[in-house]
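Here the structure comes first, spelled out in structure tokens, and everything after it is commentary.
8 protein chains.
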Amino acid sequence: MEKMLIQENVILVTRIEAEKAEKVLARYPDAVYHEDARMIVLKKHEIPIHGKGTILVVSAGTSDIPVAKEAFITAQVMGNKVQSVFDVGVAGIHRLFRHKEMIENASVLIVAAGMEGALPSVVAGMVSRPVIAVPTSIGYGVSFGGMTALFSMLNSCSSNVAVVNIDNGFGAGYMAAMINRV
Amino acid sequence: MEKMLIQENVILVTRIEAEKAEKVLARYPDAVYHEDARMIVLKKHEIPIHGKGTILVVSAGTSDIPVAKEAFITAQVMGNKVQSVFDVGVAGIHRLFRHKEMIENASVLIVAAGMEGALPSVVAGMVSRPVIAVPTSIGYGVSFGGMTALFSMLNSCSSNVAVVNIDNGFGAGYMAAMINRV
Amino acid sequence: MEKMLIQENVILVTRIEAEKAEKVLARYPDAVYHEDARMIVLKKHEIPIHGKGTILVVSAGTSDIPVAKEAFITAQVMGNKVQSVFDVGVAGIHRLFRHKEMIENASVLIVAAGMEGALPSVVAGMVSRPVIAVPTSIGYGVSFGGMTALFSMLNSCSSNVAVVNIDNGFGAGYMAAMINRV
Amino acid sequence: MEKMLIQENVILVTRIEAEKAEKVLARYPDAVYHEDARMIVLKKHEIPIHGKGTILVVSAGTSDIPVAKEAFITAQVMGNKVQSVFDVGVAGIHRLFRHKEMIENASVLIVAAGMEGALPSVVAGMVSRPVIAVPTSIGYGVSFGGMTALFSMLNSCSSNVAVVNIDNGFGAGYMAAMINRV
Amino acid sequence: MEKMLIQENVILVTRIEAEKAEKVLARYPDAVYHEDARMIVLKKHEIPIHGKGTILVVSAGTSDIPVAKEAFITAQVMGNKVQSVFDVGVAGIHRLFRHKEMIENASVLIVAAGMEGALPSVVAGMVSRPVIAVPTSIGYGVSFGGMTALFSMLNSCSSNVAVVNIDNGFGAGYMAAMINRV
Amino acid sequence: MEKMLIQENVILVTRIEAEKAEKVLARYPDAVYHEDARMIVLKKHEIPIHGKGTILVVSAGTSDIPVAKEAFITAQVMGNKVQSVFDVGVAGIHRLFRHKEMIENASVLIVAAGMEGALPSVVAGMVSRPVIAVPTSIGYGVSFGGMTALFSMLNSCSSNVAVVNIDNGFGAGYMAAMINRV
Amino acid sequence: MEKMLIQENVILVTRIEAEKAEKVLARYPDAVYHEDARMIVLKKHEIPIHGKGTILVVSAGTSDIPVAKEAFITAQVMGNKVQSVFDVGVAGIHRLFRHKEMIENASVLIVAAGMEGALPSVVAGMVSRPVIAVPTSIGYGVSFGGMTALFSMLNSCSSNVAVVNIDNGFGAGYMAAMINRV
Amino acid sequence: MEKMLIQENVILVTRIEAEKAEKVLARYPDAVYHEDARMIVLKKHEIPIHGKGTILVVSAGTSDIPVAKEAFITAQVMGNKVQSVFDVGVAGIHRLFRHKEMIENASVLIVAAGMEGALPSVVAGMVSRPVIAVPTSIGYGVSFGGMTALFSMLNSCSSNVAVVNIDNGFGAGYMAAMINRV
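Residue numbers (numbering that gives the first Met the number 0), protein chains in the order written: chain F, 0 to 181; chain D, 0 to 181; chain A, 0 to 181; chain E, 0 to 181; chain W, 0 to 181; chain V, 0 to 181; chain R, 0 to 181; chain Y, 0 to 181.
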């Protein structure tokens, strides 16, 4: 369990399992637990949108969704409009293209992918916007707990890509929020 | 320099630089040097096509072409019809789709890529055909001389992909020729 | 547990333990659980053979059998005639040679091996057919969970070898099936 | 040598040595060679500033300057106001604090560092702005050609940091320019 | 559990969990268990101070405290005056500077840090005293169980730093005690 | 260049290139240079055979011969009867079996191999004699300068195999000589 | 659990925990369980000594004893006179020298060590006999589960050392037995 | 070439080759070049000894001497009495013991070693003094340019050892000088 206080009126707790979360919620009835993202959010009042454009979170496979959701909620809680497109891996590239418009309208993009980590390169090639790539620890054998995805993303042939640590959905959301305020 | 005798009426020499190749050609005037593939081919007579379908060689960037060409010539010399699509990296995925028909008509595909090594996953997702992926040592920093591309390809989320050693264009062409005879 | 739908009339579930499988079978009485391969197969009706030749699955040690069986069943379910030769490691090479005829008659070969991963090179040296090598995570110390076998296979001095990810029996069977249709 | 065409009226060539650059300049007298950054810039006319705020490039040691300068010029050529603070490594942290005001006024920061790669964490802790960290291949022994700096940066305890490939000054400048337009 | 007899009148047991420790204490009622450091100390009589100056233990984050405490108690038990400054990571460098005086007055310093392992470089740059750096296994993704912190510390641009094994608080305390007697 | 004095009446110099060797020979006319093994041998008088049985040196490919020869000459100079079988790689296993008798008659065996390093396992499976395996740095891509062969050999499924450092023909010959005297 | 049948009248089972061993012993009352070596030995009748000299097993620390014992019993069961010297690590080198005579009288030596793996070099420097080095997985941090000890041993500056896989006591004993019969 | 200004009246230049050094000496006739250490020393006047005891530099092999000498001169120039014992590797441990008295009289010890890096453990076991271990990049194969020696030293079973970067003789001398002033 990791605690993180971001802004004066929001408390975020990341990587907290359901069982532990229940105990926290029993004590703080206003807190909300997001099970798919394994996060607790506790806000004093509604968070106003002050980010400039829309942040779009894209994820390659269903197993990448927890990390993608962590990024999603973090960015949202920091005052941004956030959208998502999940399960659009490169092995079925046509599924990605169905969301072309949403991709082109985003001001900042977060792309989460495990295994070969190819999705950020493809998405970044479709836009002239900053893309934050998040490798996930999804895979087996030579996925090395996310290392292969990480190195793929650092090697991206698209230049509008920067990378955060493996499974660091929180960092990706935080960085995207910083960018969306520039 | 590596020598390889493949069939009774062809001799292939791979990884031979222009300067050395010239000396070989001076002695064997019937031999042909392919500078981009760094190969010498010496055939006694024309090689008949006995492979069943067409082998297609796809490469991600211009720097991957030498490896792709090594695969191309090897497959061709082993009696196959071979076609190629070069410089269609995933950062500009629309360039790849322009060749959709050629991709769908191939019976076996060879895909060479360095850096993040994402192209084989994308291409394999477009067909129901065996894809031989060849990582190349193109890149710097965490490309690790082709290791990142290699691991990406082994982690491919497409199941119709098998991989050969880094820069092993010869092996890819040889394997594709074996497959095209099944 | 990983689910994989391959063809319209077959569902394959891989890497599923006996206990979980039982629950699935209780709900789908037509499904069959292959304990050694840790797979569930659910077919609507018999699968016709449409692969051209015979796919042969060879494995080095008894511990490699689960991965070999995963490849076996995958290839079979995809409409191929499949045979197997198990427990013929290179430390007793004469055991392999007893199956010389079966090896020479196969149209595609899958070879699973852990530890030093030497078997694919030996088998591939005996035939002029495509060999799909599957490293297994069998071993300890410097076997690195299958990495040593993987690198051995990529370094094979036989050219008719291509490799899939560690323990990826499914991928090997799938790729062999693709090849057997060319 | 790598060529990169960024915008309709600018051509950038990166990683080009003095000797080669001279030949290029002989042919294109309007081109300018920046020796410390090993870059050639060829513009048709002055580039208007359209980035929103100031991009600040910070570097740890004198040996990191070439990479830092590559980032500087790239960002500048893409239409941004760029400033720099060089040689402010963490071993003499007071030197960094002398530039506190400039750091706090930047809208996007690029921090280049080799060896232990600690500077981005320190700088990012001083601002609420996006920081692009560029590991450099400076160091010996366990610096592993920039790998240690890279991993340090990905592990940063500051959340407003994202990372590009080793020595990828171009990518850092490009990404910062993207961010400065959001 | 590791036992270590250091001096004739003290017995130290390191890396012992609470449950086991209880059993030991039941048998040796004079022993004291330090839960945060996971150590048991059993002294025959008070340990006289014979180290020359003060040893200061500095740690980056709250998660590094167990290792820091192990170093603290080891140095103390070996007859030294020991002080500590905990939770002064580089992402909030101003917190470190609040303790400037204590840092400058120490004769030997031990600095424990995980993740990017940057703290020893910063602290060592503030003094002309020997600094023993202890990497901790705190972090995830590319922290590699402390390897990134270890390599950062070995790459320190400050020359008054030497390093011990990951999580080796005992060794750091022991080495500092040796130095404080020179 | 490495010098090694083994016995009172022999001097061995290993890893010495032809050009340097010539200069040494000019000064010591009794010395002999073995170009394929890159060694100089200088004996005061003939070396009597005092090893018990025959040491057999086996090598996988032609490129492994320099290392194999270094082992051969070292063992010979230390007073052993030595035989050799070169170029019998596992991709053409029948070539190895042609030498079955010689293999079975040896008292100690040295097996040199690069690439996948599979030969020692196969040879060791044919005899009940100690086998010293020498990985060579032959190969490219994931051969990692001999690491893959080294790890393969350490993972050998034959138990009568022990391994020396990469390219350490001298060590293999020395160890075999030690064993042949037991 | 691994089973190994070595000779017609002995069965060895290695790496078997006490609980499982009990069940085996219940069925085979003649079998003996060696708890420190985690082995079961089942002999039809006494094993005659046919090894030539004495095999000496040396181990560095108390934690290396299980591996050392596995080597001891394996060599003994294969018909050798075996002696042992345990807990003589290089940090207290005088303890090793107390056993100088026993070391000098052995015909083959097995040396087990974890952590820095330095003992085989020191022991091998004291004799002109073959030394089989066994790295153990003892240690933490950068011991990498025995890798550091393994690489130390392969790098030994003594030439009469060959190495087996990490924790492979069985292999060391087996190899020593092979050598002791030459 | 690296320049380092240590104290107000001394300038040290490290890692400078003879040819370059000559040019520097031509301009600064008072400077002295130490070829074996590849260092230039330029002092305004004699350096007074203010270190408390004697610093002893020990090195394992002749190839480690350059690094050992760099440490020696650095410590000396910083105002210490320094002694040295060279070429006392662990394969001939008796050579080390000849210097027992000098070892026991030192107040701080620096031990340089490549290959298996075992010497610091042995030396540290002989004294109750701080030992600074310097791995050198001497060796081949699995010495990994000093990594094996580095990891051995960090794993030392002696607790009075701390380590600096590979080949970092300067750092070792600097750290020892810091310690000798405590």
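We treat Cβ as the ideally placed atom computed from N, Cα and C, and that holds for glycine.
| request: Could you list the residues in the region 132-148 of chain E with a C-beta less than 9 Å from some C-beta on chain Y, going in chain order? | output: Among the residues of the region 132-148 of chain E, those with a Cβ less than 9 Å away from any Cβ of chain Y are 138, 139, 140, 141 and 142, in the order of the chain.
| If we count the other Cβ atoms within 10 Å of its Cβ and call it buried at 16 or more, is residue 68 (chain Y) buried or exposed? | Around the CB of residue 68 (chain Y), 16 or more other CB atoms lie within 10 Å, so the residue is classed as buried.
| message | When you compare the CB of residue 154 (chain R) with every CB in chain A, is at least one pair closer than 8 Å? | response | No, its Cβ sits nowhere closer than 8 Å to a Cβ of chain A.
| message | What does the alpha-carbon distance come out to for the pair residue 123 (chain E) and residue 95 (chain W)? | response | In a straight line, the C-alpha of residue 123 (chain E) is about 16 Å away from that of residue 95 (chain W).
| task | Specify the secondary structure class of residue 44 (chain A) as computed by DSSP and reduced to three states. | result | Residue 44 (chain A): coil per DSSP, three-state reduction.
| message | Give me the chain A residues within the contact set of residue 165 (chain R), using Cβ-Cβ distance strictly less than 9 Å, ordered along the chain. | response | Chain A residues near residue 165 (chain R): 139, 140 and 141.
| query | When the Cα atoms are used, what is the spatial distance from residue 116 (chain D) to residue 143 (chain D)? | reply | A direct Cα-Cα distance of roughly 12 Å separates residue 116 (chain D) from residue 143 (chain D).
| request: Out of F:77, F:70, F:78 and F:76, point me to the one whose CA is closest to residue 85 (chain F)'s CA. | output: Taking the Cα of residue 85 (chain F) as reference, the smallest distance to any Cα among F:77, F:70, F:78 and F:76 is reached at F:70.
| query | Closer than 8 Å, Cβ to any Cβ of chain V: which residues of the region 71-100 of chain A, in chain order? | reply | The residues in question are 88, 89, 90, 91 and 92.
| field | 7 Å Cβ cut-off: residues of chain D touching residue 18 (chain F) | value | Here the premise fails: no neighbours, minimum Cβ distance about 32 Å.
| residue 155 (chain R) burial status per 10 Å Cβ neighbour count (16 or more: buried) | Residue 155 (chain R) should be labelled buried.
| field | Under 9 Å by beta carbon: chain F residues contacting residue 121 (chain D) | value | Correct list: 89, 90, 92, 117 and 121.
| field | The alpha helix (DSSP H) enclosing residue 53 (chain Y), as first and last residue numbers | value | Counting along the chain, residue 53 (chain Y) sits inside no alpha helix (DSSP H); it lies in the beta strand (DSSP E) bounded by residues 53-58.
| query | Looking at C-alpha atoms only, which residue of D:149, D:27 and D:128 is the closest neighbour of residue 136 (chain D)? | reply | Out of D:149, D:27 and D:128, the CA that lies nearest to the CA of residue 136 (chain D) is found in D:149.
| query | Cβ of residue 119 (chain E) within 8 Å of Cβ of residue 152 (chain E)? | reply | Yes, the Cβ-Cβ distance between residue 119 (chain E) and residue 152 (chain E) is below 8 Å.
| task | Return the residues of the region 36-63 of chain E that lie within a Cβ-Cβ distance of less than 8 Å from chain F, sorted by chain order. | result | The residues in question are 51 and 52.
| task | Starting from residue 170 (chain V), find everything on chain R with Cβ-Cβ shorter than 7 Å and list it in chain order. | result | Scanning chain R for C-beta atoms nearer than 7 Å to the C-beta of residue 170 (chain V) yields 158, reported in chain order.
| field | Chain-ordered neighbours of residue 129 (chain Y) on chain W, where CB pairs are closer than 8 Å | value | Within chain W, 174, 177, 178 and 181 have C-beta atoms less than 8 Å from the C-beta of residue 129 (chain Y), given in sequence order.
| How many Å lie between residue 6 (chain Y) and residue 88 (chain R) at the Cα? | Going from the Cα of residue 6 (chain Y) to the Cα of residue 88 (chain R) covers about 42 Å.
| task | Could you list which residues in chain A have their beta carbon closer than 7 Å to that of residue 106 (chain D), in chain order? | result | Within 7 Å Cβ-Cβ: 181.
| task | Please list the partners that residue 161 (chain D) has in chain A, where partner means a Cβ-to-Cβ separation under 7 Å. | result | Near residue 161 (chain D) (Cβ distances below 7 Å), the residues of chain A are 131, 161, 162, 163 and 174.
| query | Can you tell me whether residue 37 (chain V) is buried or exposed, with buried defined as 16 or more other CB within 10 angstroms of its CB? | reply | The residue in question, residue 37 (chain V), is buried, as its Cβ has 16 or more Cβ neighbours within 10 Å.
| query | What residues are listed by DSSP as bridge partners for residue 9 (chain E)? | reply | For residue 9 (chain E), DSSP records a beta bridge to E:6 and E:42.
| said: Can you look up residue 93 (chain R) in the DSSP assignment and give me helix, strand or coil? | reply: Here residue 93 (chain R) sits in helix by DSSP.
| What are the boundary residues of the alpha helix (DSSP H) that residue 148 (chain R) is part of? | Looking at the DSSP string, the run of the alpha helix (DSSP H) that includes residue 148 (chain R) is 146-153.
| Rounded to a whole number of angstroms, what is the C-alpha to C-alpha distance between residue 83 (chain R) and residue 171 (chain R)? | Distance between the alpha carbons of residue 83 (chain R) and residue 171 (chain R) is about 14 Å.
| field | Contacting residues, own chain, Cβ-Cβ under 7 Å from residue 32 (chain E) (five flanking each side not counted) | value | Listed in chain order, the non-local C-beta contacts of residue 32 (chain E) below 7 Å within the same chain comprise 20, 24 and 39, local neighbours out to five positions each way being set aside.
| For residue 160 (chain Y) and residue 132 (chain Y), believed in contact at Cβ under 8 Å, the rounded distance | Their Cβ separation, rounded to whole angstroms, is 5 Å, which keeps residue 132 (chain Y) and residue 160 (chain Y) in contact under 8 Å.
| request: Report buried or exposed for residue 54 (chain Y), applying the criterion of at least 16 other Cβ atoms within 10 angstroms of its Cβ. | output: Result: buried.
| Would the beta-carbon of residue 113 (chain A) fall within 8 Å of that of residue 145 (chain R)? | The answer is no: Cβ separation not under 8 Å.
| message | Assuming residue 121 (chain V) is part of the alpha helix (DSSP H), what are its boundary residues? | response | Run containing residue 121 (chain V): 118-123, per the alpha helix (DSSP H) assignment.
| query | Mapping DSSP to helix, strand and coil, what is residue 83 (chain V)? | reply | Three-state DSSP puts residue 83 (chain V) in a strand.
| task | Tell me residue 33 (chain D)'s beta-bridge partners as DSSP assigns them. | result | When DSSP reads this structure, residue 33 (chain D) sits in a beta bridge with D:38.
| said: Counting C-beta neighbours from all protein chains within 10 Å, is the total for residue 127 (chain D) 16 or more, i.e. buried, or is it exposed? | reply: Counting the other CB atoms within 10 Å of its CB gives residue 127 (chain D) a total below 16, which places it among the exposed residues.
| Which first and last residues belong to the alpha helix (DSSP H) in which residue 105 (chain Y) is found? | Counting along the chain, residue 105 (chain Y) sits inside no alpha helix (DSSP H), nor does DSSP assign it H or E at all.
| For residue 46 (chain W), which residues from the same chain have a beta carbon less than 7 Å from its beta carbon, with the 5 sequence-adjacent residues on both sides left out? | Here the set comprises 9, 76 and 78.
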